[in-house]
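Order-wise, the sequence lines are chains A and B. Heads up: the first sequence is residues 1 to 118, going by this note's numbering. Heads up: the second sequence is residues 1 to 115, going by this note's numbering.
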Amino acid sequence: MTDPLLAAALVGLGGSVGAVGRHAVGLRIEGRRSVLTVNALGSLALGALLAAPIGSEATLLAAVGFCGAFTTFSSFAVETVSTAADGEGRIAAGFAAANLAAALLAFLGGAAVVGALA
Amino acid sequence: MERTPLGFLLVALGGFVGAVTRYGIDVAVGDVTGAGTLLANVLGSFTLGLLLTRTARHRTRLFVGTGALSSFTTYSTFVGDAVTLGTTVGAAYVAASYAAGFAAAAAGLFVGGRL
């Protein structure tokens, strides 16, 4: 069992790097596309990490911290609701479905590739 | 402003706080798959809606919004939990997360607009 303080530090460190990475993507890609990109990429990485034989410290740093923070649900929800409120209901529904489909496929794909290698 | 070192520092500090708080909720909630993530995602969606309607201050948005709240909530763990829960329960978990998350974001935007 990891020491609670070390666990929090690892999650926080991974979270810092994940947030900065997401911010960097957001500076290059606008709005909804940026959210979809980080959510798909981060889910791919999480699927791969959880299928890999890594220890609990690495899981806290990379999976809980980095992948958890690199991807975002709050920005996704606000983007979806704002798009719908702007009268673009179809785009909002498509965006919500695309996030789920892309993240799910990415997660399963990442897990399958690492599972085949391990 | 966004691209300055200060902007990245604010996002990094916020990301630290957001991720640790999410982990704290996970630990407090315990072994129920998806429960902590659902709670964090709903709380964070409401608060982000509130923040974006209450302040246009760029540094506040970077620290609290892009940094803390966006890192407090997570999509990757949400999808991972849905897969772990299996087809039927996982689908219900996705539907509940979407419904509660959208309602929370809408409530945050609405309340923030009225204050």
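Just so you know, even glycine gets a beta-carbon here, dropped at the ideal spot from N, CA and C.
Taking only three categories from DSSP, how would you classify residue 26 of chain B?
helix
First through last residue of the alpha helix (DSSP H) which encompasses residue 4 of chain A:
4 to 28
Rounded straight-line distance, which links the Cα of residue 80 of chain A to that of residue 90 of chain A
10 Å
Looking at the C-beta of residue 83 of chain B, does it have a partner C-beta in chain A at a distance below 9 Å?
yes
Check each candidate in A:110, A:21, A:97, A:105 and name the one with the smallest Cα separation from residue 67 of chain B.
A:21
What residues in its chain sit with their C-beta under 7 Å from that of residue 62 of chain A, if we drop five residues either side in the sequence?
14, 49
Check whether the Cβ of residue 93 of chain B lies closer than 9 Å to any Cβ atom in chain A.
no
Over what stretch of residues does the alpha helix (DSSP H) that includes residue 3 of chain B continue unbroken?
Looking at the DSSP string, residue 3 of chain B is not in any alpha helix (DSSP H), and its letter there is neither H nor E.
Tell me, please, whether the CB atom of residue 22 of chain B is closer than 9 Å to any CB atom in chain A?
yes
Taking residue 72 of chain A as the reference, which of B:45, B:3, B:29 has the closest Cα?
B:45
Proximal residues to residue 73 of chain B (C-beta, below 7 Å), its chain only, five neighbours per side dropped
40, 41, 44, 45
Output, in chain order, the set of chain B residues within a Cβ distance shorter than 7 Å of residue 65 of chain A.
19
Residue interval of the alpha helix (DSSP H) (run including residue 94 of chain A)
89 to 117
For residue 32 of chain B, name the three-state secondary structure that DSSP assigns.
coil
Within chain A, partners of residue 102 of chain B - CB distance below 7 Å
77, 80, 81
Between the C-alpha atoms of residue 55 of chain B and residue 105 of chain B, what's the straight-line distance to the nearest angstrom?
16 Å
Between the C-alpha atoms of residue 83 of chain A and residue 3 of chain A, what's the straight-line distance to the nearest angstrom?
43 Å
Does the segment 22 to 41 of chain B come within contact of the segment 75 to 87 of chain B, defined as at least 3 CB pairs closer than 8 Å?
yes
Kindly list, in the order they appear in chain B, the residues whose Cβ is closer than 8 Å to that of residue 32 of chain A.
By Cβ distance, chain B contributes nothing, its closest Cβ being about 13 Å from residue 32 of chain A, past 8 Å.
Hey, residue 60 of chain A and residue 7 of chain A are a contact pair by Cβ (cut 8 Å); roughly how many whole angstroms apart?
5 Å
Neighbour list for residue 30 of chain B in chain A, Cβ cutoff strictly below 7 Å
The contacting residues do not exist; residue 30 of chain B stays about 15 Å from chain A at best.
In chain order, what residues of the same chain have a beta carbon less than 7 Å from the beta carbon of residue 26 of chain A, not counting five sequence neighbours either side?
34
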